[in-house]
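Numbering (the numbering used here), first residue to last: 7 to 62.
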């Protein structure tokens with residue numbers, strides 16, 4: 007949420023990289039834990055949608 011508000015694009019990419027392996031593991035399990043993969047993909051989607059910031 008902080009990355010979206012303050013336009014920290016790199017922070018979203020780091021969050022995606024950090025969450026992808028546990029999310030892939032959880033996606034293979036039955037039940038509600040399979041939804042962790044969706045949140046990880048959400049990080050990547052938000053990163054791709056966010057416009058790059060120009061240095062001041």
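Beta carbons: idealized from backbone N, C-alpha and C, even for Gly. Computed from a predicted model, the values in this text were never measured in an experiment.
- Out of 19, 41, 51 and 37, the CA that lies nearest to the CA of residue 29 is found in 41.
- Annotation: residue 52 to residue 18 spans about 7 Å, alpha carbon to alpha carbon.
- CA-to-CA, the gap between residue 33 and residue 20 works out to about 20 Å.
- CA-to-CA, the gap between residue 35 and residue 50 works out to about 22 Å.
- In this structure, 26 is the residue among 26, 37 and 14 with its C-alpha nearest to the C-alpha of residue 47.
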